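A.B. asks:
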Amino acid sequence: MDPVRRIRAQEVTIMRTIGSGRRRSGAALVLAWAMALGPQASGAVPGDLDPTFDGDGKRVVDLGGTDQSQAVAARQGKILIAGTTNEGGDNDFAVVQLTNGGVPDPSFGGGDGVVTTDFFGGYDSAYAVELLPKGKFLVAGQALDGQGRSRFAVARYRRSGALDTSYGSKGKRTVAFPGNAVALDMVRLPDGSTVLVGASYPKENFVLTRLTKGGRVMRSFGKKGRVITNLGGEDGASAAALQDDRIVVAGSSGASSATLNVALARYRLGGALDRRFAGNGKKVVSMVAGRDWANDLVVLANGRILVVAYTGGDIGLARFKPNGGLDRSFGGGDGKVLADFGDDETGQALVRSGKKLVVGGGFGEPPDPAVFRFGPGGGVDATFGSGGMAVADFGPDIALAWGVALQGTRILTAGYTETPGGDIVAARFLG
Ligand SMILES: [Ca+2]
Ligand SMILES: [Ca+2]
Ligand SMILES: [Ca+2]
Ligand SMILES: [Ca+2]
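Residue numbers (my numbering): 1311 to 1741.
1) Quick test of the definition: if touching needs 3 or more C-beta pairs under 8 Å, does the segment 1512-1528 touch the segment 1541-1549?
2) Secondary structure at Ser1767, three-state DSSP: helix, strand or coil?
3) Does DSSP classify Lys1444 as helix, strand or coil?
4) Can the beta-carbon of Arg1469 be found closer than 9 Å to that of Leu1448?
5) Helix, strand or coil: which one does DSSP assign to Ala1568?
6) Mind checking whether Ser1379 and Tyr1726 have CB atoms under 9 Å apart?
7) How is the beta strand (DSSP E) around Asp1606 delimited, first residue to last?
8) Does the separation of the CB atoms of Gly1698 and Arg1720 fall below 9 Å?
9) Reducing DSSP to helix, strand and coil, say where Gly1546 ends up.
10) Should Asn1746 be labelled buried (16 or more other beta-carbon atoms within 10 Å of its own) or exposed?
11) Measuring from the CB of Asp1602, is there a heavy atom of ligand 3 at a distance below 8 Å?
12) Just list the residues that DSSP pairs Ala1486 with in beta bridges.
13) Give me the Cα-Cα distance between Asp1624 and Glu1675, rounded to the nearest whole angstrom.
14) Is it right to say Val1425 is buried, meaning 16 or more other beta carbons lie within 10 angstroms of its own, or is it exposed?
15) Restricting to Cα atoms, I'd like to know which of Val1406, Thr1376, Arg1385 is closest to Glu1397.
16) Is the closest heavy atom of ligand 3 to the C-beta of Gly1652 under 8 Å?
17) Any chance the CB of Gly1732 is under 8 Å from a heavy atom of ligand 4?
18) To the nearest angstrom, report how far apart Ser1562 and Asp1402 are at their CA atoms.
19) Keeping to the same chain, check which residues put their C-beta closer than 6 Å to that of Phe1363; ignore five residues upstream and five downstream.
20) In whole angstroms, what separates the C-alpha of Gly1357 from that of Gly1664?
21) Whole angstroms is fine: what's the gap from Gly1613's alpha carbon to Asp1555's?
22) By Cβ distance below 6 Å, which residues in the same chain neighbour Ala1560 in space, the five residues on each side in sequence not counted?
23) Going straight from the alpha carbon of Pro1686 to that of Ile1615, what length do you get?
24) Out of curiosity, what's the CA-to-CA distance linking Leu1636 and Gly1525?
25) Quick check on the DSSP output: the beta strand (DSSP E) that includes Ile1391 runs from which residue to which?
Set out below in structure tokens:
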């Protein structure tokens, strides 16, 4: 199993293990009861499900197979969701566009609001979406090639969902690394090129590549267009962001999968590690005694770096100064926040909304998609939802929000129900 799937499977397994025999907290029951009354029962408040999104703030998208989504973006009143489906046989990239009202968009994908993209006839899965000018967008993830080896995979689409054949090779590009590699995030640079980041295995390292605006590997980046960084153990990158003219990457590092910690690395645009960051370009920080890792990051206006971390049951946040040191003005004095909302929480994705920090993830056992909001200093924002958290109940199946995005002040999440025949789930909350 590739490291992403392994990590994510571990995460759910951990929640199952820890949560077995436990019941939902009273707060969650009160929240469920309040939601049953409906957001229109009284004045709408931040954290309410948005009734203008498919009537109840929630949408289930069944593509006919086992369907998953890992990323969401809002554009011009439409909602793009990227993931994978095995409908039709082997897994393919799946991209769904919903209207602002939360239903499949008839102007996308030839009328049904869905496009799927196959690379080599094998397993393909998308984990990131990046909006481009003129309504175009990139979707990135992994594709198994003819040798069964996982490569970075990216496809560019036009506004309509049609592949943009002017990009790469007929709209697609794959990049092979030694062993297997999975692209989990990407960041667009000012010149229109794109840096893709992810994880390799069985040698577990941060891996990066840079593609030109036209979708060719930029061979001047790193070695022949590839950068492989060993942080000292089992390492994998899950997210990237631009910090001025540097690329900041976040993920995990540990001597073994049992001892993973939050890991950051910073690179120059040419792919070299930036030794002005934390002394050697790399920074590893432990959030809890057990395993933890970074799932997403944002760079704040002052160059500080905010990470959301898996911590084994709480929402973990850590803020770093621009040069990589922990920012002790954040959280309880050590630059870190561990927020417990009364059960098992997991933070998957992070976005800044004005000065507030919005985390998408999961709550409960089995989990439902949830949004958690914090103030700029890392304190829970009690004006949001129930004690800083809002949950979208999608029934008894395991479901998480893997992606979060803002639509104006509203908060979009997308994820999936984790069952055979599972479906993509999206929810929109008032901000
Ligand atoms: Ca396929
Ligand atoms: Ca740790
Ligand atoms: Ca907890
Ligand atoms: Ca399905």
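Note that CB positions come from ideal geometry on N, CA and C, so glycine has one too. Being a predicted model, the structure only gives us computed values, none of them experimental.
C.D. replies: So, from the data block:
1) Contact between the segment 1512-1528 and the segment 1541-1549 is established, with three or more Cβ pairs separated by less than 8 Å.
2) No answer is possible for residue 1767: it lies beyond the span of the chain, which begins at 1311 and ends at 1741.
3) helix
4) Against a cut-off of 9 Å, the Cβ pair of Leu1448 and Arg1469 comes out as no contact.
5) helix
6) Against a cut-off of 9 Å, the Cβ pair of Tyr1726 and Ser1379 comes out as a contact.
7) 1603-1609 is the extent of the beta strand (DSSP E) around Asp1606.
8) no
9) strand
10) Past the edges of the chain, shown from 1311 to 1741, lies residue 1746, and the structure says nothing about it.
11) It does not: the Cβ of Asp1602 is nowhere closer than 8 Å to a heavy atom of ligand 3.
12) Looking at the DSSP assignment, Ala1486 forms no beta bridge with any residue, so it has no partner.
13) 13 Å
14) buried
15) Thr1376
16) yes
17) yes
18) One C-alpha to the other measures close to 27 Å.
19) Gly1412, Arg1738
20) 16 Å
21) When rounded, the distance between both Cα atoms is 11 Å.
22) Ala1549, Leu1574, Ala1604, Leu1607, Val1617
23) 12 Å
24) 36 Å
25) 1388-1395
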